[in-house]
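Trainee: Would you mind keeping the following structure in view while I ask a few things?
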Amino acid sequence: MKGELTSGIYWVGAIDWNIRNFHGYSTHKGTTYNAYLVMGEKIALVDTVKAPFAGEMVEGINNIIAPESIDYLIINHVEMDHSGSLPLIRETLPRVKILCSPRAEEELKHHYGEEIPLSVVKTGDVLELGGKTLTFVEVPMVHWPDSMVTYVKEDKVLLPNDAFGQHMATSERFDDEVGWDIIRPELAKYYANIVMPYGAQVLKALEALKGIEIEVIGPSHGLIWRQYIPQVVATYEKWAKGETEKRCIIVYDTMWGSTEKMAGAIYRGLTEEGVPTKMYRLSNSDRSDIVKEMLEARGLLLGSPTLNNGLYPSVAEFSTYIKGLRPKGRIAAVFGSYGWGMGATKTLSGDLQAAGMEVVDDLQVKFVPLGEKIDKCEHLGRRVAQMIKAP
Ligand code: FEO
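When we follow my numbering, the leftmost residue of the sequence shown carries the number 9, and every step to the right adds one.
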């Protein structure tokens, strides 16, 4: 049967073909909200879907069993793309027992009201369905404090909610039906924009899962992993450790073309030194896509003209965004043109340092970069390139 992970475990999620903005993150390929039915002698629904898609989930369940047969609802994560159909479940299936982590108990009450009846499970707790044994492991901050994973022992199936997810709407359900090379960019974009601040917690979660045999990973978004499990786990570990490639990105915006000229000269310096480099003008680029590139690039050059003694608005938005994502261990430098006040690069330096980056230079040019000012920009590119290439 389509969507069958193993005997008695089924995908009953929903496909959101048309979402293009997921709380500020661009989703050019849509997404899915994955929920799973685990059927032993008793039946558990693991997670739900975003509220407008509840009907699609119920239809999927109806194709397998009568929804009234469900005994338990496991809430792995409170965020509303997964818990959103909980009110409908409570209303239509009042005998269903709802299980969640200790932190989720508090958060669910804030979302759905104090009166909601909940049973709390902690790391190591087990729910016997009869023929299917569910074990719970809390993985705080992957993605919220409440997050936990559910493991089905008999089938070696891990249901880790947001971890290992990708925002991709597809008619296929499994990784081998689509291919690693197609899924990996979406896995990277998801990690960079959602999971990156929590690298330390990801490493802890991976450690907690070591020693557990896993044959299928059913995340809460995108394709289900069954062929590329070693690759996806190793890739998550690499990203969580902040390991990068010897590459660079130049991100900037410009008013009268001066900061853009600086970016071009910096680019020449970097590429003359043999460092693969990509450039993005923020007015024409999508910040979620840039952050995906930043995930694996060792160097970041960020440029802004000074406007009213501060940052150009598009650069301010980007800088605020990456300050929250905390991409540690990168080599960064800032640059920009100014007329009479010099506020932009100072603010940028502060933001990048707050994000955990080492800011190695702050290059400013008065009005238009000409002559030796251009040489200085090229020199900055070469200098950063050498730092990127250093072993
Ligand atoms: Fe897919 Fe943190 O929700």
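Note that the Cβ used here is the ideal one computed from N, Cα and C, for glycine as well.
Source: prediction; values computed, not measured.
1) Quick check: the stretch 256-271 against the stretch 222-241, are at least 3 beta-carbon pairs closer than 8 Å?
2) Would you kindly work out how many angstroms separate the C-alpha atoms of Glu87 and Trp152, rounded to a whole number?
3) With DSSP as the reference, identify every bridge partner of Pro227, one or two as the case may be.
4) Indicate whether Ala341 and Val368 have their beta-carbon atoms separated by less than 7 Å.
5) If contacts are defined as beta-carbon pairs under 8 Å, then Leu94 and Thr56 qualify, I think. What distance do you get, rounded to the angstrom?
6) So, with DSSP's three-state summary, where would you put Ile396?
7) Determine the burial state of Asn169: buried for a count of at least 16 other Cβ atoms within 10 Å of its Cβ, exposed for fewer.
8) So, with DSSP's three-state summary, where would you put Lys117?
9) Would you tell me roughly how many angstroms separate the C-alpha atoms of Ser296 and Ser15, rounded to the nearest one?
10) Run through DSSP, which three-state label would Gly364 get?
11) Indicate, with yes or no, if ligand 1 has a heavy atom lying under 6 Å from the CB of Glu115.
12) Quick check on DSSP: helix, strand or coil for Thr285?
13) For Gln174, count neighbouring C-beta atoms within 10 Å of its own C-beta (all shown protein chains included) and say buried if the count is 16 or more, exposed if not.
14) Determine the direct distance from the alpha carbon of Thr143 to that of Glu122, and round the result to whole angstroms.
15) May I ask whether a heavy atom of ligand 1 can be found less than 6 Å away from the beta carbon of Asp154?
16) So Tyr80 and Leu45 are supposed to be a Cβ contact under 8 Å. How far apart are they, rounded?
17) Quick one: residues in its chain with C-beta nearer than 6 Å to the C-beta of Ile330, no 5 flanking neighbours on either side, listed in chain order?
18) Among the candidates Cys256, Gly38 and Leu13, whose CA atom is the shortest distance from the CA of Ala22?
19) Suppose you measure from the CA of Ala112 to the CA of Ala242; what does that come to, to the nearest Å?
20) By DSSP, does Thr141 sit in helix, in strand, or in coil?
Mentor: The structure says:
1) The answer is no - the stretch 256-271 does not touch the stretch 222-241, with fewer than three Cβ pairs under 8 Å.
2) Between Glu87 and Trp152, the C-alpha separation is close to 8 Å.
3) According to DSSP, Pro227 bridges with Asn169.
4) Yes, these two residues count as a Cβ contact at 7 Å.
5) Correct: roughly 6 Å between the Cβ atoms.
6) DSSP places Ile396 within a helical segment (H, G or I) once states are collapsed to three.
7) Classification of Asn169: buried, given that the 10 Å Cβ count is 16 or more.
8) In the structure shown, the three-state DSSP call for Lys117 is helix.
9) Pairing Ser296 with Ser15, the inter-Cα distance amounts to about 38 Å.
10) Coil at Gly364, not helix or strand.
11) Outside the cutoff, so no.
12) Note: Thr285 maps to strand in three-state DSSP.
13) Gln174 should be labelled buried.
14) If you draw a straight line from the Cα of Glu122 to the Cα of Thr143, it is about 27 Å long.
15) No - ligand 1 has no heavy atom lying nearer than 6 Å to the Cβ of Asp154.
16) Their Cβ separation, rounded to whole angstroms, is 11 Å, which puts Tyr80 and Leu45 out of contact at 8 Å.
17) Once the five neighbours on either side are set aside, the close Cβ partners of Ile330 are Ala363.
18) For the residues Cys256, Gly38 and Leu13, the minimum Cα distance to Ala22 belongs to Gly38.
19) When the Cα atoms are used, Ala112 and Ala242 turn out to be separated by approximately 29 Å.
20) DSSP places Thr141 in strand when its eight states are reduced to three.
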